[in-house]
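**Student:**
Residue numbers (the working numbering): 157 to 235.
1) Could you spell out where the alpha helix (DSSP H) holding residue 218 opens and where it closes?
2) Please report the straight-line C-alpha distance between residue 229 and residue 204, rounded to a whole angstrom.
3) Within 8 Å, do at least three Cβ pairs link the region 167 to 181 to the region 194 to 203?
4) Report the three-state DSSP secondary structure of residue 171 (helix, strand or coil).
5) Quick one, which of 215, 220 and 208 has its alpha-carbon nearest residue 232's?
In structure tokens form, the structure reads like this:
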């Protein structure tokens with residue numbers, strides 16, 4: 157089963173943290189914010205792939221998470 161995560165916001169309410177960093181990779185307790193949502197998805201055994209819907213600085217997010225190797229969940233990106 158696939159899951160979709162909406163992760164395309166600019167994070168304007170988190171400024172100045174998001175001036176140069178997209179909200180999904182702003183560190184929260186030394187991990188990117190989006191990591192916690194991916195971790196919750198991994199707890200659902202039927203989900204084997206997450207599709208991340210991106211908009212603001214999508215390449216930076218892809219660089220951080222890659223294809224999901226090491227996360228236990230395959231990742232794909234749509235912009």
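Don't be surprised by glycine CBs; every beta carbon is placed ideally from N, CA and C.
**Tutor:** Looking at the atomic coordinates:
1) Position 62 of the chain shown, counted from the start, is the residue given in the question as residue 218. Per DSSP, residue 218 belongs to the alpha helix (DSSP H) from 214 to 221.
2) As a working mapping, residue 229 is identified with position 73 in the chain shown. As a working mapping, residue 204 is identified with position 48 in the chain shown. Rounded to whole angstroms, residue 229 to residue 204 spans 6 Å at the Cα level.
3) no
4) Numbered from its first residue, the chain shown carries residue 171 at position 15. Three-state DSSP puts residue 171 in coil, outside helix and strand.
5) For this step, residue 232 is matched to residue 76 along the chain shown. Taking only the C-alpha atoms, the option nearest residue 232 is 208.
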